[in-house]
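Asker:
Residue numbers (this note's numbering): 45 to 1123.
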């Protein structure tokens, strides 16, 4: 039964209230923050007013009830509208022990804070019925995923798919061992952020909670309105009380319970082919902590934890319809991966203790072989492997599951792993609280939590295969079963067949649930996990699941990934919801003024270069020093980052343009790497590391960074965009790599555009296709960066005759050549590379030379010399230092290079947070003490803050607060005439600073004098009567004003056109109208 009622009110303000039997949480949208900064084109965060109060103090008569719920998951912005997410359907999923129940979310609803139009339309309910269905039988997921009429529909489906769980009684994000000493209501602040899936949505409400008093916090927590969820699997199966599991245990009438809880990390969450490997913070894809819990009444609790996760190196895999098309690519070098790999295992060691890696990858599949080799190298060099004590912190077992399963035992051969892991299993132990024997008094709600801890788990198995689904789940089932066997053996018993069956069933359900989340279908091999043997029906089910995975991974996973990123707040253009807090507004303003205390800028030198090698294979063997180090000053510091672009590294034959062969690219990678590090060794500076490389047929881009900069670089991503043959072939197109250096986003793009003298329109289209079509993760575009540099063979030519162009080259008249350069003309016309800059060109055209000489093309085609190879840049933090070409004659092009200084912004987030909290506490204390330097008041139903801009000045005024009316001061002017019967002189000059002219004051004239003067200057006109019709006809020309329904009489008074009025201006035509009573 739900304990929450949902109320709404539309007038005078749109308001939503979540009420329990004792308290109410009220939400109201504030339009103050929902604006767009037109200068920067950035949306500001919308704001929400939140109030928590006792139900008895709130009048809900003007509200209407729209439903019941179980709690709120938080606030989210969708299409510039703010929505409150409420759990409206849940069911019991697991009962770990008395007083610890886990609930599954079956349905959520979104309520808009801007308006009520969605509440009046219920047709989306039928459209979202798919939420609880198995994806195995649904092939219309993508078409139903988005609906412009209901922007929350995709998020509603995700949260209602049965994979989200919560508990109102204990901290579900922690394993039992870590919360064994918790009593009573758990503190929301203790939640594990890695496992909390609605962290982004509930964050504003947790900030609101922090601002409450301790008593209000207790009331809010006990109301259970705020709901914190995990994603994964929770399931419990009971064992009848008649089946005595332990021989020495006290007999009760209560059944035992076996529970499995799997918690998937939210840090690198996603779908199968969109989330692979590791990130720079050490988080891996599909990381799941699985806990097996056995409760035996009255108070014995067993718990065993193991984890799974993607191979912790930087790698990607393309989706495809055939297994051969799903190629695995390792995207970073060993040196560039080490910091993230070590972070991952350091975190595991801190959380769990010693680690035993179980690697199930195949030794026969090429992609998996390369992953295993790289994984093995990192494990060998891991700092955890260098402990010489008997208790090793890191152990490894490589078990080729597929090779073993090919034997006569089939999947049963997986049991052979028992011998290899048994020693570690005994050493790691398990968690146990309570012990066999009589108890004095049994309280089913509290005794189990206060049971003494007998044993703790001191290590963890980390199991992986390629997807960490099917093979991994089967082996983890074996490890869990072995841990139970050791537990029962220590208690003098053994696992009963009933318990073993329930254990296998739960693990099969767990495998299916985790597989649906990551791959879109249930787990393969689940028939063997469930029954201990593989049947024909199970094999057919696996074949169907495999076919379904291919469809889901190729057609629906991108939409699902987008929804997951939306839930976690990771989309590029996503705007968070801020609670309207006037004190916080003042703090943020002051924080921006003190930015130098927690942030600073520093210059970084970036070298960029592009080289069309014309398919020459002897290039990597040559000396690249003249290109990579064109500056002769050996004392100057070498660049921190190198962005090296190549074109035509392979011959562009019909066979090559449809596929990418990495062999030549790797040869160039080695050549550049060798040249860079020879220089570094000679100067004694840190070496360079290949950060990432990318390739599109003949185009390649390589980013090298110095070792001392790796710790500041993260989120390195790459992608390509084809433009050849209408986007089907990769002979032309772009390859891009982006990353974040501290708090600055950089993007490098190498491109090879359409060839041909007259094809500049096609080149412009190629540029637009790459710019608009190339996307990184979370839909980031090229323009979503602080600094962007394009380098490549853009193929723009010089619009002069061959003879004229060569003469100008001979004369070194580069300006005239540049004036006729196609790229220059297209940029000036705004048809390509809008808002990009190119430095002055002081080197000869780079195309086309005779190979091996410094002469331009002497073949029959006799190409016109041109600057085909260019480097363009965009960004206020970029400054070009040099721009030139190198004399390398191995190709018909000359390589081009440019040096930049990039200003990197560095923010110390920890220090910034401390300063912000300190300022907030100070402001709150000032308000409590009545500090009048800040006025906080209600404006339009909202609290607003007004602060003094200087100590001697009052706070700014508003509609409600006017500083000049304080302390009873009148608003009228206190100017007093110098004597009686004096008035301001209307003939006084309008310039108040003029010292000449009439006085400011003049005597007040008598009424008779005033009338005689007026009559003398402007004798009155005789009255004239007009009809209503004639008045209407002459209304526009006479500027008449309607007065009565019958006769209208007007009196015109003319005044001197030169006489000023009281406001200092001249009146050119003044018609004063008044009705006269007919005589």
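Beta carbons: idealized from backbone N, C-alpha and C, even for Gly.
This one's a predicted model, so the numbers in the text were calculated from it and none came from an experiment.
Between the alpha carbons of residue 660 and residue 716, how many angstroms are there, rounded?
Answerer: Within the chain shown, numbered from 1, the residue matching residue 660 stands at position 616. Within the chain shown, numbered from 1, the residue matching residue 716 stands at position 672. Each residue's alpha carbon lies about 16 Å from the other.
Asker: Pull up the DSSP beta-bridge partners for residue 318, would you.
Answerer: Walking along the chain shown from the start, residue 318 turns up at place 274. In the DSSP output, where bridge partners are listed per residue, residue 318 has none listed.
Asker: I'd like the ranges of any beta strand (DSSP E) spanning at least 3 consecutive residues and lying wholly in the region 438–482.
Answerer: With a minimum length of 3 residues, the continuous beta strand (DSSP E) runs that stay inside the region 438–482 are 438–442, 475–477.
Asker: Which residue comes first and which comes last in the alpha helix (DSSP H) that contains residue 601?
Answerer: Here residue 601 refers to the residue found at position 557 when the chain shown is read from its first residue. Residue 601 -> alpha helix (DSSP H) spans 601–612.
Asker: I'd like the span of the alpha helix (DSSP H) that includes residue 575, first residue to last.
Answerer: Position 531 of the chain shown, counted from the first residue, corresponds to residue 575. First-last of the alpha helix (DSSP H) with residue 575: 570–575.
Asker: Can you look up residue 910 in the DSSP assignment and give me helix, strand or coil?
Answerer: As a first step, residue 910 must be located in the chain shown, where it is residue number 866. In this structure, residue 910 counts as strand in the three-state DSSP scheme.
Asker: Is the region 403–417 close to the region 498–515, with three or more CB pairs under 8 Å?
Answerer: yes
Asker: According to DSSP, simplified to helix, strand and coil, what is residue 647?
Answerer: Position 603 of the chain shown holds residue 647. It is a strand residue.
Asker: Whole-angstrom Cβ separation of residue 69 and residue 273, contact assumed at under 8 Å?
Answerer: Locating residue 69 in the chain shown gives position 25, where the first residue counts as 1. Locating residue 273 in the chain shown gives position 229, where the first residue counts as 1. Going by Cβ atoms, the distance from residue 69 to residue 273 rounds to 18 Å, so no, they are not a contact pair.
Asker: Check whether the Cβ atoms of residue 682 and residue 723 lie closer than 8 Å to each other.
Answerer: On the chain shown, residue 682 is found 638 positions in, with the first residue counted as 1. On the chain shown, residue 723 is found 679 positions in, with the first residue counted as 1. Cβ distance < 8 Å, so residue 682 and residue 723 count as in contact.
Asker: Sorted by chain position, which residues of the same chain lie with C-beta nearer than 7 Å to residue 133's C-beta, five sequence neighbours on each side aside?
Answerer: The sequence position of residue 133 within the chain shown is 89, counting from 1. Contacts found: 150, 151.
Asker: Which stretch, first to last residue, makes up the alpha helix (DSSP H) that contains residue 544?
Answerer: Here the question's residue 544 lines up with position 500 in the chain shown. Looking at the DSSP string, the run of the alpha helix (DSSP H) that includes residue 544 is 541–563.
Asker: Helix, strand or coil for residue 1083 per DSSP?
Answerer: Locating residue 1083 in the chain shown gives position 1039, counting from the first residue. Residue placement at residue 1083 is flagged as unreliable, the pLDDT there being 41, under the threshold of 50; a coordinate-derived value is accordingly withheld.
Asker: Curious, which full-length alpha helix (DSSP H) runs of at least 4 residues does the region 860–900 contain?
Answerer: 866–872
Asker: Do the region 381–390 and the region 527–534 meet, that is, are 3 or more Cβ pairs less than 8 Å apart?
Answerer: no
Asker: The beta strand (DSSP E) with residue 49 in it runs from where to where?
Answerer: Counting from one through the chain shown, the residue named residue 49 turns up at place 5. Element bounds for residue 49: 48–53.
Asker: How do the region 823–832 and the region 767–775 stand: do at least 3 beta-carbon pairs fall below 8 Å, yes or no?
Answerer: no
Asker: What beta strand (DSSP E) runs, 3 residues minimum, are completely inside the region 227–305?
Answerer: 273–283
Asker: With respect to the alpha helix (DSSP H) encompassing residue 386, which residues constitute its N-terminal and C-terminal limits?
Answerer: Within the chain shown, numbered from 1, the residue matching residue 386 stands at position 342. It spans 378–396 - the alpha helix (DSSP H) in which residue 386 sits, taken as one unbroken run.
Asker: Is the beta carbon of residue 1124 less than 8 Å from the beta carbon of residue 90?
Answerer: The structure shown does not extend to residue 1124, since the chain is modelled only from 45 to 1123, so the question has no answer here.
Asker: Is it the case that the Cβ atoms of residue 348 and residue 255 are separated by a distance below 8 Å?
Answerer: Reading the chain shown from its first residue, position 304 is the one you call residue 348. Reading the chain shown from its first residue, position 211 is the one you call residue 255. No; because the gap between Cβ atoms is not below 8 Å, this pair is not in contact.
Asker: According to DSSP, what are the bridge partners of residue 590?
Answerer: Within the chain shown, the letter at position 546 stands for residue 590. DSSP lists no partner for residue 590.
Asker: Anyone know if the C-beta pair for residue 400 and residue 328 falls short of 8 Å?
Answerer: Taking the first residue of the chain shown as position 1, residue 400 is located at position 356. Taking the first residue of the chain shown as position 1, residue 328 is located at position 284. Their beta carbons are not under 8 Å apart, which means residue 400 does not touch residue 328 by this criterion.
Asker: Work out the CA separation of residue 1030 and residue 1091 for me, nearest whole Å.
Answerer: Within the chain shown, residue 1091 is the residue found at index 1047, counting from 1. Within the chain shown, residue 1030 is the residue found at index 986, counting from 1. Because the pLDDT of residue 1091 is 40, which lies under 50, any placement of that residue in the model is unreliable, and the number read from its coordinates should be weighed accordingly. Approximately 37 Å between the Cα atoms of the pair.
Asker: Could you check whether residue 554 and residue 206 sit closer than 8 Å to each other, using their CB atoms as the reference points?
Answerer: By one-based count along the chain shown, residue 206 stands at place 162. By one-based count along the chain shown, residue 554 stands at place 510. Their beta carbons are not under 8 Å apart, which means residue 206 does not touch residue 554 by this criterion.
Asker: Pull up the distance between the alpha-carbon of residue 757 and that of residue 783, whole angstroms please.
Answerer: On the chain shown, residue 757 is found 713 positions in, with the first residue counted as 1. On the chain shown, residue 783 is found 739 positions in, with the first residue counted as 1. Each residue's alpha carbon lies about 7 Å from the other.
Asker: List the whole-angstrom C-beta distance separating residue 819 from residue 763, where the pair is believed to meet the contact cut-off of C-beta under 8 Å.
Answerer: On the chain shown, residue 819 is found 775 positions in, with the first residue counted as 1. On the chain shown, residue 763 is found 719 positions in, with the first residue counted as 1. Right, their Cβ atoms sit about 6 Å apart.
Asker: Can you tell me the Cα-Cα spacing of residue 848 and residue 802, whole angstroms?
Answerer: On the chain shown, position 804 is the one that residue 848 refers to. On the chain shown, position 758 is the one that residue 802 refers to. When rounded, the distance between both Cα atoms is 18 Å.
Asker: Output yes or no for whether 8 Å exceeds the beta carbon distance between residue 225 and residue 236.
Answerer: Against the chain shown, residue 225 aligns to sequence position 181. Against the chain shown, residue 236 aligns to sequence position 192. No. Outside cutoff.
Asker: Roughly how many angstroms separate the alpha carbons of residue 675 and residue 881, rounded to a whole number?
Answerer: Here the question's residue 675 lines up with position 631 in the chain shown. Here the question's residue 881 lines up with position 837 in the chain shown. Near 23 Å, if we compare the C-alpha coordinates of residue 881 and residue 675.
Asker: With distances taken between CB atoms, is the gap from residue 933 to residue 896 smaller than 8 Å?
Answerer: Position 889 of the chain shown, counted from the first residue, corresponds to residue 933. Position 852 of the chain shown, counted from the first residue, corresponds to residue 896. Yes, Cβ-Cβ distance for residue 933 and residue 896 is below 8 Å.
Asker: Are residue 937 and residue 902 touching if we call contact CB-CB under 8 Å?
Answerer: Residue numbering aside, residue 937 sits at position 893 when the chain shown is read from its first letter. Residue numbering aside, residue 902 sits at position 858 when the chain shown is read from its first letter. Not a contact, by the Cβ cut-off of 8 Å.
Asker: Please name the residue, chosen from 694, 569, 594, that lies closest to residue 712 on a Cα-to-Cα basis.
Answerer: As a first step, residue 712 is located in the chain shown; it is residue number 668 there, counting from the start. It is 694 whose Cα lies nearest to the Cα of residue 712.
Asker: Any idea what DSSP makes of residue 716, helix, strand or coil?
Answerer: Sequence index remark: in the chain shown, residue 716 carries index 672 (1-based). It is helical.
Asker: Taking the DSSP output, what are the residues bridged to residue 671?
Answerer: Along the chain shown, one-based indexing puts residue 671 at 627. The partner list for residue 671 (beta bridge, DSSP) is empty, contrary to what the question assumes.
Asker: Report back the beta-carbon spacing between residue 283 and residue 543 to the nearest angstrom; my notes put them in contact at under 8 Å.
Answerer: For this step, residue 283 is matched to residue 239 along the chain shown. For this step, residue 543 is matched to residue 499 along the chain shown. Right, the Cβ-Cβ distance comes to about 6 Å (below 8 Å), so this counts as a contact.
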